[in-house]
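Peer 1: Before I ask anything, let me first share the structure, which is written out below as structure tokens.
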Ligand SMILES: Cc1cc2nc3c(=O)[nH]c(=O)nc-3n(C[C@H](O)[C@H](O)[C@H](O)COP(=O)(O)OP(=O)(O)OC[C@H]3O[C@@H](n4cnc5c(N)ncnc54)[C@H](O)[C@@H]3O)c2cc1C
């Protein structure tokens, strides 16, 4: 059917026939991927320093897995000016003292009456539902303490059970905390220490099915707890894609994407989450928010669905959504381009953003991040080493690029073959005009694949006295370069003012382009041996960086959201009237604050 539809052969018959041919693609695949509770990622993958003193990503899951990275440790030592070595570690104390459950036997009985045995009070499971992946949260579970975590975790299996949970919570004064994949990076999952009500984490993991695929009208109805990588695999089997690929796709869920207003790397072709969600069902204390039928677009004079995008676990529990799907691309090609410096790279990105041939993804890393990409190159054989040396000679001696200035853009082209070819041609000629040179498809592919492996570095370096985090913003084209410079300088100044050891590491990457501006991701890391309360110090510097971002014309967040982490900055971006409306909208749906804590929406 999918092939027939894609080929367009029977379009007339399909439309005249008139009935949607929805089908149930069955349960999600069991790929055996089990996440770890104490760090980011799957149980089978983690970075270690091997006996030969080289860094290795253990396991076999990623292209990087199992390969020695001999240049990495020396690069880390020289970049941070700190003696990082296998012997000098800060061992994780996970799980640190977990607050006991306050759930009474009566409450557990009432919950069992709704979800049966699908609940747990096991301390590590409760702890995991009480935090996301920020540096402060991860530092706390390893070296500090979370003051308050959920008292019980329930796993509803259907919307009726979610409705019953909300009714119980209203009647018994409970607080419900919706939980998807736990990849949150704004502290929205943190429980306030002073929450006196019992806290019930509502983990949507059992509501993880694609309920139907409509291959003619290009939609799928997906339960909120479905994990991104499973949805992608199932749609692919039927010749479709969501095209929504946040870097956290291995663990994040459909409900989490909606609640955080997520953005995926291929948004140029498929759109951000707000462009692909057609409809959703949300259980609130005032009843279910639902809608008659999913339509391409509607003008309703105020649509509650737009408010639920970015609701950050407040107002209601999303149970399912109807999402646009796209035919799987006929062709997928990677590319990479080197530019002599950031300003020329950005000029290229700007022109690209104004053109009619924009690839699905175009990302630009600054020089420091390009250095990381080189530093985590696996050990090459003799031929590989010779090839790299020749390439380096060509780039530096013949093209005249400086190794401490050049930047790289990685690209993913997707679509019909002819379309991809046209995009490639356009990108190549544009790149030439801006002094760029091709870095090859394999380097482009490697750049995207590294994304998933690199996510494991943060937890590993924490054990070696390096604390790191990313934060993002969006900014107009004309303010982009200045914003990047200002944030780098501010972080360096804040680091120096506190006389912190080593050298701060701050680097920028442009991850999304729009006609009007970009999304910039910063990574800041610092050596913390001998620093009292490093997580709090980090937080102060990150806040200073956020202050600088706002002063330089950037947004509070492009897609990570506000949560508890950035709530204090909201009045700098929203007027009093806007804040009033925001609080009122939440109160209208959830007057007692039953769903979610005191987040930014409060
Ligand atoms: C390594 C890494 C890479 C990342 N890359 C990206 C990226 O490329 N793009 C991007 O946008 N984000 C990214 N993020 C951030 C994060 O993955 C997103 O915010 C994601 O959308 C969260 O989804 P989740 O299912 O993990 O939600 P959770 O972390 O479980 O929850 C996040 C928030 O959503 C609420 N919530 C979850 N499910 C529901 C539901 N069913 N109903 C109501 N509320 C709900 C929670 O209460 C919480 O407030 C990244 C994070 C990490 C750690």
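In the working numbering, the protein residues as written are 764 to 1365. A virtual CB, placed ideally from N, CA and C, is assigned to each residue, including glycine.
#1: Around the C-beta of residue 1343, are 16 or more other C-beta atoms found within 10 angstroms, so that it is buried, or is it exposed?
#2: Could you compute how far the alpha carbon of residue 1362 sits from the alpha carbon of residue 1195?
#3: So residue 1298 and residue 856 are supposed to be a Cβ contact under 8 Å. How far apart are they, rounded?
#4: Report the rounded CA-to-CA distance for residue 1345 versus residue 1132, giving the unit in angstroms.
#5: To the nearest angstrom, how far is the alpha carbon of residue 1260 from that of residue 837?
#6: I think residue 983 touches residue 1088, with their Cβ atoms under 8 Å apart; what is that distance to the nearest whole Å?
#7: Give the straight-line distance between the Cα atoms of residue 818 and residue 786, rounded to the nearest whole angstrom.
#8: Considering just the uninterrupted stretch of the alpha helix (DSSP H) at residue 1075, what are its terminal residues?
#9: Can you look up residue 1228 in the DSSP assignment and give me helix, strand or coil?
#10: Less than 6 Å separating the Cβ of residue 1010 from some heavy atom of ligand 1?
#11: Does the distance from the C-beta atom of residue 965 to that of residue 895 stay below 7 Å?
#12: Would you identify the three-state DSSP class for residue 1094, choosing helix, strand or coil?
#13: Quick check on residue 1081: does DSSP put it in helix, strand or coil?
#14: Out of 1337, 1180, 1053, which has the shortest C-alpha to C-alpha gap to residue 1092?
#15: Between residue 1020 and ligand 1, is there a pair consisting of the residue's CB and a ligand heavy atom that are separated by less than 6 Å?
#16: On the criterion of 16 or more Cβ atoms from any shown chain inside 10 Å, does residue 1041 qualify as buried, or is it exposed?
#17: Flag this pair as yes or no: are the beta carbons of residue 864 and residue 884 separated by less than 7 Å?
#18: Got a sec: does ligand 1 put a non-hydrogen atom nearer than 6 Å to the Cβ of residue 947?
#19: Span of the alpha helix (DSSP H) holding residue 901?
#20: The beta strand (DSSP E) spanning residue 1052 covers which residue range?
#21: Three or more C-beta pairs closer than 8 Å, one from the region 1201-1212 and one from the region 1258-1273: is that the case here?
#22: Taking residue 900 as the reference, which of 945, 1128, 917 has the closest Cα?
#23: Could you work out which residue in 859, 795, 1336, 1031 is closest to residue 906 when comparing CA atoms only?
#24: Quick check: is any heavy atom of ligand 1 less than 6 Å from the C-beta of residue 808?
#25: Per DSSP, which residues does residue 1277 bridge with? Please list them.
#26: Given residue 1164, which residues of its chain have a CB within under 7 Å of its CB, disregarding the five upstream and five downstream residues?
#27: Three-state secondary structure (DSSP) at residue 1111?
#28: Quick one: what's got a C-beta closer than 8 Å to residue 1244's C-beta in the same chain, skipping five residues either side?
#29: At which residues does the alpha helix (DSSP H) containing residue 1038 begin and terminate?
#30: Using beta-carbon positions only, say whether residue 926 and residue 1046 come within less than 7 Å of one another.
#31: Taking the Cβ atom as the reference point for each residue, do residue 1075 and residue 987 lie within a distance shorter than 7 Å?
#32: So, residue 1097 versus residue 1204, is the Cβ gap smaller than 7 Å?
#33: I need the DSSP call for residue 1014, collapsed to helix, strand or coil.
#34: Which first and last residues belong to the beta strand (DSSP E) in which residue 1173 is found?
#35: How big is the Cα-Cα spacing for residue 891 and residue 910?
#36: In terms of residues, what are the limits of the alpha helix (DSSP H) holding residue 1125?
Peer 2: Result, derived from the coordinates:
#1: Exposed: under 16 other Cβ atoms inside 10 Å.
#2: Here the model assigns residue 1362 a pLDDT of 39, short of 50, so the residue's position is not dependable, and the following value carries that caveat. Going from the Cα of residue 1362 to the Cα of residue 1195 covers about 47 Å.
#3: Not really, about 14 Å apart at Cβ, beyond 8 Å.
#4: C-alpha separation (whole angstroms): 38 Å.
#5: Cα-Cα distance, rounded: 27 Å.
#6: That belief holds up - the Cβ atoms of residue 983 and residue 1088 are roughly 5 Å apart, short of 8 Å.
#7: Whole-angstrom Cα-Cα distance: 47 Å.
#8: Per DSSP, residue 1075 belongs to no alpha helix (DSSP H) and is neither H nor E.
#9: Three-state DSSP puts residue 1228 in coil, outside helix and strand.
#10: Yes, the beta carbon of residue 1010 sits closer than 6 Å to at least one heavy atom of ligand 1.
#11: Judged by beta-carbon spacing, residue 895 lies beyond the 7 Å limit of residue 965, meaning their Cβ atoms are not closer than that value.
#12: The DSSP-derived three-state label of residue 1094 is strand.
#13: Of the three classes helix, strand and coil, the one that applies to residue 1081 here is strand, per DSSP.
#14: Per the Cα distances, 1180.
#15: Because some heavy atom of ligand 1 lies under 6 Å away, the Cβ of residue 1020 counts as near it: yes.
#16: Label assigned to residue 1041: buried.
#17: For the pair residue 864 and residue 884, the CB atoms are nearer than the 7 Å cut-off.
#18: Indeed, a heavy atom of ligand 1 lies less than 6 Å from the Cβ.
#19: Where residue 901 is concerned, the enclosing alpha helix (DSSP H) stretches over 898-906.
#20: For residue 1052, the uninterrupted beta strand (DSSP E) run begins and ends at 1050-1052, by DSSP.
#21: No, the region 1201-1212 does not touch the region 1258-1273.
#22: Each of 945, 1128, 917 was checked against the Cα of residue 900, and the nearest Cα belongs to 945.
#23: When 859, 795, 1336, 1031 are compared, the shortest CA-CA separation from residue 906 is found for 859.
#24: Flag unset: Cβ of residue 808 not near ligand 1.
#25: In DSSP, residue 1277 forms no bridge with anything.
#26: Annotation for residue 1164: 1101, 1103, 1158 place their beta carbon closer than 7 Å to its own, counting only its chain and skipping 5 residues before and after.
#27: The answer is helix: DSSP assigns residue 1111 an H, G or I state.
#28: Residues of the same chain with a CB within less than 8 Å of the CB of residue 1244, apart from the 5 flanking positions on each side, are 1105, 1106, 1109 in chain order.
#29: Unbroken alpha helix (DSSP H) run through residue 1038: 1036-1039.
#30: Yes, the Cβ-Cβ distance between residue 926 and residue 1046 is below 7 Å.
#31: No. Outside cutoff.
#32: Yes. Within cutoff.
#33: Here residue 1014 sits in coil by DSSP.
#34: Run containing residue 1173: 1170-1178, per the beta strand (DSSP E) assignment.
#35: Taking the straight line from one Cα to the other gives about 13 Å.
#36: Per DSSP, residue 1125 lies in no alpha helix (DSSP H) segment; the continuous beta strand (DSSP E) that holds it begins and ends at 1124-1128.
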